[in-house]
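Undergrad: Be aware that the sequence shown starts at 2, since it is given in the working numbering, and climbs by one per residue. Mind looking over this structure? Questions follow.
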Amino acid sequence: MDNNFTLDLADEAATLGFGAAIAKAITPNLTIYLHGDLGAGKTTFARGLIHGLGFVGKVKSPTYTLVEPYEVMLNQTESLNLYHFDLYRFNDEEEWEAAGFRDYFNPTSVCLIEWPEKAAHSLPVADIDISFNLKGDGREVNVLAHTPHGEQCLKKLQQSVLKCSND
Ligand SMILES: Nc1ncnc2c1ncn2[C@@H]1O[C@H](COP(=O)(O)OP(=O)(O)O)[C@@H](O)[C@H]1O
Ligand SMILES: [Mg+2]
């Protein structure tokens, strides 16, 4: 039913918390696009999500490597590959195939993609679009699901943690 919502994130901790909240709602085979200008909070959100999945350690921005892989456990039983892309420096669509990025999108993975616009012709469609915008000293985030799987994830998210902040 509700396939989109908007949320205010007052500070960095709120962005991390929002990422951690989504971590509890995701299931494998999901593609999430992260939109927003430089400094909008995309990497901060990814950090919150990856730590929320139980990864202990530094979550580096994949600005130079294009992608950083993480292997985490989901519900202590199922292993999940999370790939955090930052395509800001990506400018050759042929490189997509050459680098084998296509294989990163599979039934056991979740892909987070900063700057998806840079590889628009190569990327699989998004299940969820998340857009970050500056608002005062904080950020406003807009979340939009495009597929049944994306909607299922948002529903789970809204039911659990966002119940009170959505109205
Ligand atoms: N909700 C927020 N309010 C204020 N500052 C934030 C918020 N979320 C993140 N930040 C700050 O914004 C800066 C840029 O964040 P980053 O996640 O690297 O942006 P991006 O990946 O979109 O370029 C960081 O200094 C971070 O602490
Ligand atoms: Mg970034």
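Don't be surprised by glycine CBs; every beta carbon is placed ideally from N, CA and C.
Counting pairs of Cβ atoms below 8 Å between the segment 12 to 21 and the segment 36 to 51, do you hit three or more?
TA: The segment 12 to 21, when compared against the segment 36 to 51, does touch it at the 8 Å Cβ threshold.
Undergrad: On the premise that Glu115 lies in contact with Tyr89, defined as a C-beta separation below 8 Å, what is that separation, rounded to the nearest angstrom?
TA: Residue numbering aside, residue 89 sits at position 88 when the sequence shown is read from its first letter. Residue numbering aside, residue 115 sits at position 114 when the sequence shown is read from its first letter. The pair is a contact, with the Cβ atoms about 7 Å apart (cut-off 8 Å).
Undergrad: Look up Ala99 in the DSSP assignment and give the residues it is bridged to.
TA: Position 98 of the sequence shown, counted from the start, is the residue given in the question as residue 99. Note: Ala99 sits in no beta bridge, so no partner.
Undergrad: Does the Cβ-Cβ distance between Pro125 and Thr32 come in under 9 Å?
TA: The count along the sequence shown starts at 1 and reaches residue 125 at position 124. The count along the sequence shown starts at 1 and reaches residue 32 at position 31. Their beta carbons are under 9 Å apart, which means Pro125 touches Thr32 by this criterion.
Undergrad: Hey, could you find the ends of the beta strand (DSSP E) Glu118 is sitting in?
TA: What you label residue 118 is simply residue 117 of the sequence shown in a count that begins at 1. Element bounds for Glu118: n/a, residue is neither H nor E.
Undergrad: Please go through the same chain and pick out, in chain order, the residues whose beta-carbon is closer than 6 Å to the beta-carbon of Cys165, but skip the five residues on each side of it.
TA: On the sequence shown, residue 165 is found 164 positions in, with the first residue counted as 1. Per-residue confidence for Cys165 stands at a pLDDT of 48, beneath the threshold of 50, marking its modelled position as unreliable; the derived number appears in the next sentence. For Cys165, where only same-chain residues beyond five positions count, there are no Cβ hits under 6 Å.
Undergrad: Excluding the five sequence neighbours on either side, which residues of its own chain have a C-beta within less than 7 Å of the C-beta of Asp9, listed in chain order?
TA: The count along the sequence shown starts at 1 and reaches residue 9 at position 8. Closer than 7 Å at the Cβ level, and outside the excluded window around Asp9, lie Lys136, Gly139 and Glu141.
Undergrad: Tell me, to the nearest whole angstrom, how far the beta carbon of Tyr34 is from that of Pro117; I am working on the premise that it is less than 8 Å.
TA: On the sequence shown, residue 34 is found 33 positions in, with the first residue counted as 1. On the sequence shown, residue 117 is found 116 positions in, with the first residue counted as 1. At roughly 4 Å, the Cβ-Cβ gap stays under 8 Å, so Tyr34 and Pro117 are in contact.
Undergrad: Which value, in whole angstroms, describes the spacing of the CA atoms of Ala146 and Asp38?
TA: One-based indexing of the sequence shown puts residue 146 at position 145. One-based indexing of the sequence shown puts residue 38 at position 37. Those two C-alpha atoms are separated by around 21 Å.
Undergrad: In the DSSP assignment, find the unbroken beta strand (DSSP E) run with Ser80 in it and report its ends.
TA: Stepping through the sequence shown from its first residue, residue 80 is reached at position 79. Glu79 to Asp87 is the span of the beta strand (DSSP E), which, as asked, contains Ser80.
Undergrad: Does the Cβ-Cβ distance between Ile131 and Val111 come in under 9 Å?
TA: Stepping through the sequence shown from its first residue, residue 131 is reached at position 130. Stepping through the sequence shown from its first residue, residue 111 is reached at position 110. In this structure, Val111 does not lie closer than 9 Å to Ile131 by Cβ.
Undergrad: List the whole-angstrom C-beta distance separating Gln153 from Phe6, where the pair is believed to meet the contact cut-off of C-beta under 8 Å.
TA: Position 152 of the sequence shown, counting from 1, holds the residue named residue 153. Position 5 of the sequence shown, counting from 1, holds the residue named residue 6. Wrong, their Cβ atoms sit about 15 Å apart, outside the cutoff.
Undergrad: How long is the line joining the alpha carbons of Asn134 and Tyr71, rounded to whole angstroms?
TA: Looking up residue 134 in the sequence shown gives position 133. Looking up residue 71 in the sequence shown gives position 70. In a straight line, the C-alpha of Asn134 is about 27 Å away from that of Tyr71.
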